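Working notes, structure below.
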Amino acid sequence: MKEQLAPGKIEIPIIFRNVFIKLFHLDLSPVSLILKNRYSHQGPSARDPQDMLRSLLAMTLLGVTFIDEWVVLFRSFPSFTIISGFLPD
């Protein structure tokens, strides 16, 4: 079952709504400040640490216990991408 958020926007299944709301209102900006110096300045740009943490929190709140399983779900469903704070491809 899905609920349309707004015309032309990606739909988020209702069962994921509570997780989305919890993570949407969670301020993880201090994580970026803490981890900023741990990231390399060489190579491709790194993902924002707060988005990475938000993704791990979403994975945990949704009961996914294996990162490989999360990656498959993450790539298969745009709503997981949104919940994690990333833009869908």
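Basically the working numbering = 1-based index in the sequence shown + 6.
Yeah, the Cβ is synthetic: ideal placement off N, Cα and C, and Gly gets one too.
Here the structure is a predicted model, which is why all the values come from computation and not from measurement.
N-terminal and C-terminal residue of the alpha helix (DSSP H) that residue i is part of
i	result
T87	84–90
F26	23–30
Q56	55–67
L41	35–41
Euclidean distance between Cα positions of residue i and residue j
i	j	result
P13	S85	Confidence in P13 is poor, its pLDDT being 49 and thus under 50, which makes the residue's placement too unreliable to answer from.
M65	F80	9 angstroms
D74	G49	24 angstroms
S82	T71	17 angstroms
V78	R44	27 angstroms
Contacts around residue i, its chain only, beta-carbon distance under 8 angstroms, and the 5 residues preceding and following it disregarded
i	result
S38	D54, P55, Q56
G91	L29, D54, Q56, D57, R60, S61
S46	A52
Contact belief for residue i with residue j at Cβ below 8 angstroms, rounded distance in angstroms
i	j	result
V25	L62	Wrong, their Cβ atoms sit about 12 angstroms apart, outside the cutoff.
Cβ shell of residue i (< 7 angstroms), same chain only, five flanking positions each side left out
i	result
I89	F22, V25, F26, L29, A64
L34	Q56, L59, R60
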